[in-house]
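Residue numbers (our numbering): 112 to 250.
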Ligand code: DQA
């Protein structure tokens, strides 16, 4: 199974960015662990700070991959265009967030993408990605 982990804006700074909210670990380091924990998958990783690049990636792989684990970062709360891209493809998308967005500012409580995703995993730190990948092991 081919699975893409797709991270949006500012998630390239994981490990350095607000560690009290997002932890001390870089995503590259965590991704190595995921690859060894989920050897049954062909796991890929893409990060962009640019909305259009995220949309292009969703289009590019959205008819051939078996799953996408998406942390759209702040675009979660703003992007109808990413929601439309998810609705347009065949590949199921699981929305993840590191922090519990519902325990934070009210502008983080609404997600434009949740309704077009298969499911949502929120607030378990980097473990949110692990839980999302576990969903795909059952497929
Ligand atoms: C986030 C939550 C978003 O509100 C925020 O803009 C992020 C990270 C999370 O993983 O907790 O960039 O998606």
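The beta carbon of each residue, even a glycine, is placed where N, CA and C say it ideally should be.
Remember, predicted model here, so these are calculated numbers, not experimental data.
The beta carbon of residue 128 lies closer than 7 Å to those of 121 in the same chain, with the five residues before and after it left out. The DSSP assignment places complete beta strand (DSSP E) segments of no fewer than 3 residues inside the region 173-216 at 178-182, 204-208, in order along the chain.
Counting the other Cβ atoms within 10 Å of the Cβ of residue 182 gives 16 or more, which makes it buried. Assignment of beta-bridge partners to residue 113 by DSSP yields 153. In this structure, residue 193 keeps its C-beta atom at 8 Å or more from the C-beta atom of residue 172. Take the alpha-carbon of residue 123 and the one of residue 143: they are about 15 Å apart.
One thing to note: residue 115 has its Cβ no nearer than 8 Å to the Cβ of residue 186. Under the three-state reduction of DSSP, residue 167 is assigned to helix. In the three-state reduction of the DSSP assignment, residue 160 falls in the coil class, being assigned neither a helical nor a strand state. Residue state for residue 123 is assigned as helix, using DSSP reduced to three classes. In this structure, the straight-line span from the alpha carbon of residue 228 to that of residue 197 is close to 7 Å. For the 8 Å CB-CB criterion, residue 207 and residue 232 form a contact.
Looking at the DSSP output, residue 233 bridges to 208. Buried is the label assigned to residue 179, since at least 16 other Cβ atoms lie within 10 Å of its Cβ. The beta-bridge partner set that DSSP reports for residue 118 consists of 158, 182.
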